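Trainee:
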Amino acid sequence: MADLLFCAHYPFSKEAKDYASARGMELTSSLIGKAEDRVKDALVAGKIRKVAEITSAQDEELALYAGARMIVSAANNRYLINRYSVAEAKRASDYLSSDDGAHPGYVEEVASEFSIRFRQDGKGYIVPLADYLSYTPRSFDYKLTNREVIGGMVRVSRHERVRILEEAVRKRMESTLPIRAEFSAEIKSAAARMSALIPKLEVAAVKVGQENYPPCIKKLIDDLALNINVPHTGRVALAIYLVGAGVATDKIVELFRNAPDFSEKTTKYQVDYIKAKKYSMPSCSTMDSYGICIADCRCGTPLRYRDAIHGARLRRIEGEKKQ
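According to our numbering, the residues represented by the sequence shown are 2 to 324, in order.
#1: Using C-beta distances below 6 Å, list every residue in its chain close to residue 280, excluding the 5 sequence neighbours before and after it, in chain order.
#2: Which same chain residues, not among the five before or five after residue 243, have their C-beta less than 6 Å away from its C-beta?
#3: Could you give the C-beta distance for residue 225 and residue 256, rounded to a whole number, given that I count them as a contact under 8 Å?
#4: For residue 185, tell me which candidate among 285, 159 and 76 has the shortest Cα-Cα distance.
#5: Below 8 Å, can you find three or more Cβ-Cβ pairs linking the segment 191-199 to the segment 255-275?
#6: Could you tell me whether the segment 119-132 touches the segment 37-52, using the rule of 3 or more Cβ pairs below 8 Å?
#7: Check each candidate in 215, 188, 275 and 213 and name the one with the smallest Cα separation from residue 30.
#8: Let's test the definition: count the other Cβ atoms within 10 Å of the Cβ of residue 296 and tell me whether it reaches 16, buried, or not, exposed.
#9: Between residue 89 and residue 170, which are expected to be in contact by the criterion C-beta below 8 Å, what is the C-beta distance as a whole number of angstroms?
#10: What does the alpha-carbon distance come out to for the pair residue 229 and residue 121?
#11: Compare the Cα-Cα distances from residue 4 to each of 221, 84, 60 and 271 and report the closest residue.
#12: So what does DSSP say about residue 235, is it helix, strand or coil?
#13: Taking the alpha-carbon positions, what's the residue 207 to residue 233 distance?
#14: Counting only the same chain and skipping the five closest in sequence on each side, list residues whose C-beta sits under 8 Å from that of residue 1.
#15: Assign residue 134 to one of two classes, buried (16 or more other C-beta atoms within 10 Å of its C-beta) or exposed (fewer than that).
#16: Can you give the beta carbon distance from residue 72 to residue 182, rounded, assuming they're within the 8 Å contact cut?
#17: Check each candidate in 43, 292, 116 and 93 and name the one with the smallest Cα separation from residue 11.
#18: Taking C-beta to C-beta, are residue 36 and residue 64 nearer than 9 Å?
#19: Excluding the 5 residues flanking residue 153 on each side, which residues of the same chain have their C-beta closer than 6 Å to its C-beta?
#20: For residue 222, count the other beta carbons within 10 Å of its own beta carbon; 16 or more makes it buried, fewer makes it exposed. Which is it?
#21: Taking 9 Å as the threshold (C-beta atoms), are residue 6 and residue 97 in contact?
#22: Could you check whether residue 151 and residue 70 sit closer than 9 Å to each other, using their CB atoms as the reference points?
#23: Here's the rule: buried if 16 or more other CB atoms are within 10 angstroms of the residue's CB, otherwise exposed. What is residue 145?
#24: My output table needs one value for residue 85: the three-state DSSP class, helix, strand or coil.
#25: Tell me the residue span of the alpha helix (DSSP H) that contains residue 127.
#26: Leaving out five residues before and five after residue 48 in sequence, what residues of the same chain have Cβ atoms less than 8 Å from its Cβ?
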């Protein structure tokens, strides 16, 4: 028999899908309205409210999850998909943190959902290197050079275990949307209302002088414009570069508004912090280790790209003149 509480907390799980399928829940107009509210919460607030701890609400939660995915799919907008995926992942993370004490078996069950094999030892948790590389957030803190690796196992804390599972949920959400199906008129209407709420983002303001930007920086800017979830390492490198290029803080913040987990307050704080600390631009080899170097520019650091490229052109022109 299915554990309804587990299903309500983790509606993306196989157990929840099997339960919903067996129940054959119908999406009424009332449920579609509540599912629309779920999507709106994700889009506007970046978070989804937790379900009430009563059986009827838990049962309804599965229908709302299914309805929300239909609405997001009908809208078929990458920004909305990413924003919704992040919100669902954060909701799951909140439950994982609280369930770790109240229902410890739930965390193991979610981990098995993604075939992530955590093991507990005297110091915390260890996880196979392959699982770690598949699901860790792409940030400085999770780089292998900053981790303890023993016999093919990576040590992680209790909090990091939850964070890895959050990332696994986000990836699954993003990879399984949009659903390819024919949707009802009510779902399409809800999707149209959500589409109208998607911010019309202007990125041209930060494109001044982009002809001199290195390929890696252009790619990061283009990815943000396309609502692609740029990794933390890429965001930091981009902010450092733009600060060094003299781009105003407000313009940098506007560029990052495309990120699905965007917070204006947090982004402004981070950009101001980078500016105050005068962080150095990562070298090309470091950018390559982050997986965000896309060309062999041979300039050592993205900040030297302009001089390296123009210098090469001048040397070529001078050489042609001498011939």
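The beta-carbon is built from N, C-alpha and C at its ideal position, and this holds for glycine as well. Just so you know, these numbers come straight off a predicted model, no measurement behind them.
Mentor: The structure says:
#1: In the sequence shown, counting from the first residue as 1, residue 280 sits at position 279. 241.
#2: As a working mapping, residue 243 is identified with position 242 in the sequence shown. Hits under 6 Å: 253.
#3: For the purposes of this step, residue 225 is identified with residue 224 of the sequence shown, where counting begins at 1. For the purposes of this step, residue 256 is identified with residue 255 of the sequence shown, where counting begins at 1. Confirmed, Cβ separation roughly 6 Å.
#4: On the sequence shown, residue 185 is found 184 positions in, with the first residue counted as 1. The residue with the shortest Cα to Cα distance from residue 185 is 76.
#5: no
#6: no
#7: Sequence index remark: in the sequence shown, residue 30 carries index 29 (1-based). The shortest C-alpha separation from residue 30 is found at 188.
#8: Translated into positions along the sequence shown, residue 296 becomes position 295. So residue 296 counts as exposed.
#9: Sequence index remark: in the sequence shown, residue 89 carries index 88 (1-based). Sequence index remark: in the sequence shown, residue 170 carries index 169 (1-based). With a Cβ gap of about 7 Å, residue 89 and residue 170 count as contacting.
#10: By one-based count along the sequence shown, residue 229 stands at place 228. By one-based count along the sequence shown, residue 121 stands at place 120. Approximately 35 Å between the Cα atoms of the pair.
#11: Here residue 4 refers to the residue found at position 3 of the sequence shown. Selected option, being the one with the closest Cα: 60.
#12: For this step, residue 235 is matched to residue 234 along the sequence shown. Residue 235 falls in the helix class under three-state DSSP.
#13: Walking along the sequence shown from the start, residue 207 turns up at place 206. Walking along the sequence shown from the start, residue 233 turns up at place 232. Unreliable positioning characterises residue 207 in this predicted model, as indicated by a pLDDT of 47, which lies under 50. The coordinate reading is nonetheless provided below. Spanning the two alpha carbons is a distance of roughly 19 Å.
#14: Nothing can be reported for residue 1, as the shown portion of the chain is limited to 2 through 324.
#15: Looking up residue 134 in the sequence shown gives position 133. Its Cβ having fewer than 16 others within 10 Å, residue 134 is exposed.
#16: Numbered from its first residue, the sequence shown carries residue 72 at position 71. Numbered from its first residue, the sequence shown carries residue 182 at position 181. That pair is no contact at about 12 Å.
#17: Start at 1 with the first residue of the sequence shown, and residue 11 comes out as number 10. Answer by Cα proximity: 93.
#18: Within the sequence shown, the letter at position 35 stands for residue 36. Within the sequence shown, the letter at position 63 stands for residue 64. Contact flag set, yes.
#19: For the purposes of this step, residue 153 is taken as the residue at position 152 of the sequence shown. Here the set comprises 130.
#20: In the sequence shown, residue 222 corresponds to position 221, counting from 1. Classification for residue 222: buried.
#21: The sequence position of residue 97 within the sequence shown is 96, counting from 1. The sequence position of residue 6 within the sequence shown is 5, counting from 1. For residue 97 and residue 6, no; Cβs fall outside 9 Å.
#22: Within the sequence shown, residue 70 is the residue found at index 69, counting from 1. Within the sequence shown, residue 151 is the residue found at index 150, counting from 1. No, the Cβ-Cβ distance between residue 70 and residue 151 is not below 9 Å.
#23: Reading the sequence shown from its first residue, position 144 is the one you call residue 145. Residue 145 comes out exposed.
#24: Along the sequence shown, one-based indexing puts residue 85 at 84. Here residue 85 sits in helix by DSSP.
#25: Position 126 of the sequence shown, counted from the first residue, corresponds to residue 127. Counting along the chain, residue 127 falls outside any alpha helix (DSSP H), though it belongs to the beta strand (DSSP E) covering 125-129.
#26: Along the sequence shown, read from residue 1 onward, the residue named residue 48 stands at position 47. Cβ within range, chain order: 42, 88, 91 and 92.
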